[in-house]
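The block underneath contains the structure these notes are about, expressed in structure tokens.
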Amino acid sequence: MNEESPESVTGGRAGVVAIVGRTNVGKSTLLNHLVDEKVSIVSDTVQTTRNVIRAILTEDRGQLVFLDTPGVHKAQGDLGKNLNKAARSAVQGVDAILLVLDAFSKPELEDDGWFRRITREEVPVIIALNKSDRNYSCADQYHALWEEIKVDRESDKDVQWMEVSALQGTNMPELLSTLFANVPDGPPLFPDDILTDYPRKLNIADVVREKFFHRLEQELPHALAVWVENIDEQEKKWTVEVSVMVERHSQKGIVIGDKGRLIKWVREQAEKELYEMYGVRFKLKLWVKVEKNWRKNFWILKKLGYA
Ligand SMILES: Nc1nc2c(ncn2[C@@H]2O[C@H](COP(=O)(O)OP(=O)(O)OP(=O)(O)O)[C@@H](O)[C@H]2O)c(=O)[nH]1
Ligand SMILES: [Mg+2]
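Residues in the sequence shown are numbered from 67 upward in steps of one, following my numbering.
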């Protein structure tokens, strides 16, 4: 018998966990709660997350590297298709999959798609039924759909279900324990003082975009992209030049708002949050530009990290 347990050799567990699911189910909210920091922006607009964001949790028991992914949603043009593709391919090569469902709303086609997909995956799958704080639950419908799909696919895939509330933090310690138990033994993959390797420019752009998403309605958020052109890092203040792209002139007016009120609100909210994040004062200079059909422009999508 081998006297030495793997833990005593490596000092813990380590693995990559992909957080996947339909759009708006609370993946980013859950990630922020799991790592106890805001690393990924949150809103109730579909496909808020547009890049795969890596966040690292290091504890005595090991290290979990989370991948927050864009939520799968019926594709709207090249941007939507690219985001769906990024989400689906994020599960390749990971050690565990955390599939997030919105227990408050009925299963949709995208949930069906993920269920089918995970019947084929060999790595452990944990299913988090999120939004359990709301006093209605479709949990039974998700369980029933999963059983149906298993029969349909002739699959004997075992998954672990947990009810959580990312908003209130319910069952977070239990979820973390389950995740640690499901990744392999091994040394940490990242230094223990790194929270994320998501580039600063993209993070600043996301924070600005989130503030717009909190105020803009319907289709406009999808037509909006934010890009950081330059950061001038002075000791006491960072001045950041930010381009805000919209697709039409009429949208430019909406984004700026009556007497510039909306853009001013966005700037102030983002400056405040960035100060809390980085511990340095920010001066944001926002320039709104009309870029017709940017969502179809490969080079722009590539620059934004969406292609
Ligand atoms: N009531 C309730 N609302 C939640 C919970 N988790 C997330 N939400 C809300 O659900 C909405 C979507 O949350 P996100 O975390 O942005 O969802 P997402 O899955 O990352 O969405 P995409 O990035 O678009 O795929 C936000 O309004 C959150 O505040 C929860 O546990 N309970
Ligand atoms: Mg998200």
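Heads up, the beta-carbon is just placed ideally off N, CA and C, and yes, glycines get one too.
Relative to the C-alpha of Lys216, which candidate in Val292, Leu195, Glu229 and Glu187 has its C-alpha closest? Distances from the CA of Lys216 to each of Val292, Leu195, Glu229 and Glu187 were compared; the closest alpha carbon is that of Glu187.
Note down, one range per segment and in chain order, each beta strand (DSSP E) of at least 3 residues found wholly within the region 72-108. 79-86
Considering only C-alpha positions, which residue in the set Val230, Gln234 and Val249 is nearest to Glu240? Val230
With DSSP as the reference, label Thr124 as helix, strand or coil. The DSSP-derived three-state label of Thr124 is strand.
When the Cα atoms are used, what is the spatial distance from Arg219 to Gly319? 51 Å
Extent of the continuous beta strand (DSSP E) to which Leu167 belongs: Ala162 to Asp168
Under the three-state reduction of DSSP, which class applies to Glu69: helix, strand or coil? Note that Glu69 scores a pLDDT of 45, beneath 50, so its modelled location is shaky and nothing firm can be said.
Exposure label - Arg361; buried when at least 16 CB within 10 Å: buried
Would DSSP call Arg347 helix, strand or coil? Taken through DSSP and simplified to helix, strand or coil, Arg347 comes out as strand.
Tell me whether Ser106 is buried or exposed, calling it buried when 16 or more other Cβ atoms sit within 10 Å of its Cβ. buried
Distance cut-off 8 Å: Leu233 Cβ against heavy atoms of ligand 1: Distances taken from the Cβ of Leu233 to the heavy atoms of ligand 1 include one shorter than 8 Å.
When Val138, Leu211, Ala271 and Val157 are compared against Leu149, the one with the closest alpha-carbon: When each option's Cα is compared against that of Leu149, the closest is Val138.
Say whether the region 291-309 touches the region 240-254, bearing in mind that this needs 3 or more beta-carbon pairs closer than 8 Å, one atom from each stretch. no
What do you get for Tyr35, buried or exposed, if any count of 16 or more other CB atoms within 10 angstroms of its CB means buried? Here the chain covers residues 67 to 373 and nothing more, so residue 35 does not appear.
Please report the distance separating the alpha-carbon of Ala271 from that of Ser171. 30 Å
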